[in-house]
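Chains as they are written, first to last, in my numbering: chain A, 50 to 225; chain B, 50 to 225.
2 protein chains.
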Amino acid sequence: MATGPSFTRAVPDGDNRPRRVCDRCGFVDYVNPRIIVGSVAERDGKVLMCRRAIEPRSGFWTLPAGFLEEHEDLAAGARREAREEACAELEMGALLGVYTVPRISQVQLFFRARLVSEIAAGLESQEVGMFAWDDVPWDALAFPSVKWALDDWRATRALDAFAPFVRCAPDTLRPD
Amino acid sequence: MATGPSFTRAVPDGDNRPRRVCDRCGFVDYVNPRIIVGSVAERDGKVLMCRRAIEPRSGFWTLPAGFLEEHEDLAAGARREAREEACAELEMGALLGVYTVPRISQVQLFFRARLVSEIAAGLESQEVGMFAWDDVPWDALAFPSVKWALDDWRATRALDAFAPFVRCAPDTLRPD
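As structure tokens, then:
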């Protein structure tokens, strides 16, 4: 039976920062920031949202989004997440925002999209729905970036071309 | 002495894709796409470039860029890379382009920047220089994305606000 890794922080040869190194097998666990891809998907002026069935923030509302996989393009990843979470097919549009959350080492890329299918709750969703702006469950959003993406979508909704929003969660920065 | 990890591909519990799992210690090596942050840094109409002193593509010319670290904001990472590779201080500007290279699972984010210091070769550079457009060493560029970033910089140079270029290396996509 494998016993599980046993990590100690140490600076590997040829590196200049401490990394997690396994005492048992010598593996260096280079941790890279993780990429989230997601969409604000519209049809008839309403936006696709999903109520989470998994932690973190189970029961709260989010946009279809998740971890980019290996060897995957950004738009393909965002489409896959919408399929998995809302059984939804999307036509991808412009890059809407790039949101960095240094505390948890995430870079989130959200795109505009058009919903072109029916929707239904996927395995990770309790329910899914299309929301007009005034009906968005503002008091039950899962993450700050959900509000950023919705706000940025609304601010640029009438524009064909625009500079996406580059945001960084301000309370989570380490000194430069 | 640690013997080094021994990985086998298997689908971990609660997952839906094969991942690398160490036979010795049970560690699951979740591989996430990696984020590169870089800059097209200008002063007096010339652009900062670095001739690489390390593999891959040692001896070829690149823009200051490298892996985003844990807990780091995008702009801070791009500034750090310019310091490490060219002893350069930058004032960061707009997001210029987002380039995905699925074959090697990289997402590269390039920013416009202004050089506000002297420059000198850092440890990873053989030499550094400021290049007018016609003097860029086009035949000795290290990576395709260096050309993309330079082209995108030139195309948007006169613009205060613009939609960044979202490119995906077309020959490296896996089926959606």
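Note that beta-carbon positions come from the ideal geometry of N, C-alpha and C, so glycine has one too.
Since B:Ser154 meets chain A, which of its residues come closer than 9 Å, beta carbon to beta carbon?
-> Leu117, Glu118, Glu119, His120 and Glu121
Using a Cβ cut-off of 8 Å, pull out every chain A residue sitting near B:Leu85, in sequence order please.
-> The sequence given here places Ile at residue 85 of chain B; Leu does not occur at that position. Near B:Ile85 there are no residues of chain A at all, since even the closest Cβ is about 10 Å away, more than 8 Å.
Going by alpha carbons, who is nearest to B:Arg92 out of B:Val150, B:Met141 and B:Phe116?
-> B:Met141
Give me the Cβ distance between A:Arg106 and A:Tyr148, rounded to the nearest whole Å; I'm assuming they're in contact under 8 Å.
-> Wrong, their Cβ atoms sit about 16 Å apart, outside the cutoff.
Exposed or buried, which one is A:Ile85 when buried takes at least 16 other CB atoms within 10 Å?
-> buried
Can you find at least 3 beta carbon pairs, one from the region 55-75 of chain A and one from the region 119-138 of chain A, that sit closer than 8 Å?
-> no
Name the chain A residues whose beta carbon is nearer than 7 Å to that of B:Thr149?
-> Asp122 and Leu123
Taking C-beta pairs closer than 8 Å, name the residues in chain B that A:Phe159 reaches, listed in chain order.
-> Chain B residues near A:Phe159: none, gap ~12 Å exceeds 8 Å.
Establish whether the CB of B:Cys71 and some CB of chain A are separated by less than 8 Å.
-> yes
Step through the CB atoms of chain B and report whether any lies within less than 8 Å of the CB of A:Val80.
-> yes
Under 6 Å Cβ to Cβ from B:Arg206, same chain only, skipping five residues before and after it: list those, please.
-> none
Quick one: what does DSSP say A:Val80 is sitting in, helix, strand or coil?
-> coil
Can you tell which of B:Glu167, B:Val156 and B:Ala169 has the C-alpha that lies nearest to the C-alpha of A:Glu118?
-> B:Val156
Meets three-Cβ-pair contact criterion under 8 Å: the region 72-83 of chain B and the region 68-81 of chain A | yes
Just to confirm, are B:Ala191 and B:Arg101 a CB contact at a threshold of 8 Å?
-> yes
Cβ pair B:Leu112, B:Val195 closer than 8 Å = yes
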